[in-house]
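Read through the structure below, which is laid out as structure tokens, and then see the notes.
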Amino acid sequence: MNRRLILPITLTSMSLAMLGENVYALEKHYIKATPQTCVTTAPRCEVELSLSWQGAPADRYCLEIATTEPKRICDIPNRAHQFQLSLAVASDVMIYLVRQQDFKRVAQVAIEVQRHSLNQKRRKVAWSIF
């Protein structure tokens, strides 16, 4: 009698575990960029980005760079999941992972531009109160 109960419970729990992993794998999309911050003193920030991502194995992906002049890069090898990108931007930019079949954005990463001015030497005053 115990074997009759154990077998269906075991099969059901194994099926649910396998189904849960497959659903999780299908919904898991991400994109990462290194570095995520560009620091500059110039009007435009120039940076060499290393992008990596994960998506469904059967799908092909494009990268969409949302700048003042949007650009979509779709000639990426299907199994690459990595891409080197040279970027020159004046302000923060979003990079999207886009599914090539329907151009749906499935993941995104932000690249932040930080401006810093060069420190100017402080002028010494010729007189002093103390």
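Read in order, the letters of the sequence shown are residues 4 to 133 in the numbering used here.
For glycine and all other residues, C-beta sits at the position ideal for the given N, C-alpha and C.
Less than 8 angstroms separating the beta-carbons of residue i and residue j?
i: R102; j: V96; result: no
i: P38; j: A93; result: no
i: Q57; j: H84; result: yes
i: S55; j: Q87; result: no
I need the boundaries of the beta strand (DSSP E) containing residue i, first residue and last residue.
i: S55; result: C48 to Q57
i: L88; result: Q85 to V92
i: I98; result: V96 to R102
i: A61; result: A61 -> no beta strand (DSSP E), and no H or E assigned at all.
Once the 5 residues before and after residue i are set aside, which same chain residues still bring their CB inside 8 angstroms of it?
i: Q104; result: D62 and R63
i: T43; result: E49, V116, Q117, R118 and H119
Below 7 angstroms CB to CB, which residues in the same chain sit around residue i once its five sequence neighbours on both sides are set aside?
i: T40; result: E115 and Q117
Ordered along the chain, which non-local residues of its own chain (more than five positions away) have a Cβ less than 6 angstroms from that of residue i?
i: S120; result: none
i: V50; result: C41 and L90
i: Y99; result: E67, R108 and Q111
Secondary structure at residue i, three-state DSSP: helix, strand or coil?
i: C41; result: strand
i: K31; result: coil
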